[in-house]
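**Q** Here the protein sequences come in this chain order: A and B.
Quick note: the first sequence uses our numbering, first residue 5, plus one each step.
Quick note: the second sequence uses our numbering, first residue 3, plus one each step.
Sharing a structure below in C-alpha cells format, with a few things to ask.
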Amino acid sequence: GEDVEQSLFLSVREGDSSVINCTYTDSSSTYLYWYKQEPGAGLQLLTYIFSNMDMKQDQRLTVLLNKKDKHLSLRIADTQTGDSAIYFCAETLSGGYQKVTFGTGTKLQVIP
Amino acid sequence: DGGITQSPKYLFRKEGQNVTLSCEQNLNHDAMYWYRQDPGQGLRLIYYSQIVNDFQKGDIAEGYSVSREKKESFPLTVTSAQKNPTAFYLCASTNLTWGNEKLFFGSGTQLSVL
C-alpha cells in the first residue's frame, strides 16, 4: 500500500541550506512532488520529479530521488524567512486513476 | 485571473447541522478533489470527481457528500453524521494528464464546531 512519511519539524538559520526528507513505500510511483503550504493557505506546487530521474534543480531548489531506498529530498539553498512553511511530499502511482498521496508535512522554521 | 475559490474562509457548525463548503474553479480542469487536513496528519482524500455528474469516494468519505453538476463547481456537504468535523478543508483541481497530476489548491475553509 501507499505510505509517505516525513519528519514533522525542521529548524534552520537564515542563509543556511535546508534539507527536507521523505520516504515512500510504493515502488510503482511515477511522479513525486513537493508542495509548500503557508499558514492558513492552500498548497502550492514547488517542483516535481519523474521517477526515472535522480535529480532536478530549479533555482534554489534541488530535488534528489533515490529510488532504490525510496527516499526523496528537497534542498533549499540560502534559506530565507519567507521559506518558513509546511512542506509536503506527494506521489502518484502507475496504473488506473492517478491518485495523489501526501506525506504528513514538515514544518520548516527559519531563524533570522 | 484563473484559480480556485473556496468559501467561506471560516465556518461554524452547530450540533446536528449540515453545512456546505463551496469550491469553484475557472481553470477548465476536468478533475476536482476535496481533502481534509488535521494537524500532523497530512492531507486525506474525502471525495474526487473526474467528470461532470460522476464522483468517487476517497479514503474518508463517511459523513460527507458531494455533487458535480457543473464542471466549475464541486461543493462538499459535511453532514451531521460526521462526528469530528473540525478541520481545515482543501479543494483542488487538475487536468487529467496521465501520471503527472499537478494539483492546484484553493485557500481552504476552516470548519469548527460550536
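Positions of the beta carbon are idealized from the N, C-alpha and C atoms, including for glycine.
No experiment lies behind these values; they were computed from the predicted model shown.
For the beta strand (DSSP E) holding B:Gln84, just list the boundary residues, first then last.
**A** No beta strand (DSSP E) contains B:Gln84, which DSSP labels as neither H nor E.
**Q** Taking buried to mean at least 16 other C-beta atoms within 10 Å of its own C-beta, is B:Gly151 buried or exposed?
**A** Residue 151 of chain B lies beyond the residue range present for chain B, which begins at 3 and ends at 116; the question has no answer from this structure.
**Q** Considering only their Cβ atoms, is the gap separating B:Phe57 from B:Ser69 smaller than 9 Å?
**A** In this structure, B:Phe57 lies closer than 9 Å to B:Ser69 by Cβ.
**Q** Which residues in the same chain as B:Tyr35 place their Cβ atom closer than 6 Å to its Cβ, once the five residues preceding and following it in sequence are excluded?
**A** So the list reads Tyr50 and Ala94, once near-sequence residues are dropped.
**Q** Let me know if B:Thr7 comes out buried or exposed under the rule of 16 or more other beta-carbons within 10 Å of its beta-carbon.
**A** Per the 10 Å Cβ criterion, exposed.
**Q** For a contact meaning CB atoms closer than 8 Å, what does A:Ala45 contact in chain B?
**A** The contacting residues are Ser109 and Gly110.
**Q** Could you give the DSSP three-state label for A:Thr85: helix, strand or coil?
**A** Residue state, collapsed to three classes: helix.
**Q** Closer than 8 Å by beta-carbon distance: list the chain C residues that pair up with A:Tyr52, in chain order.
**A** Looking at the structure shown, chain C is missing, and the protein chains on hand are A and B.
**Q** Can you give me the C-alpha to C-alpha distance between B:Glu17 and B:Gln27, rounded to a whole angstrom?
**A** Approximately 30 Å between the Cα atoms of the pair.
**Q** In the structure shown, what three-state DSSP assignment does B:Ser69 receive?
**A** Correct three-state label for B:Ser69: coil.
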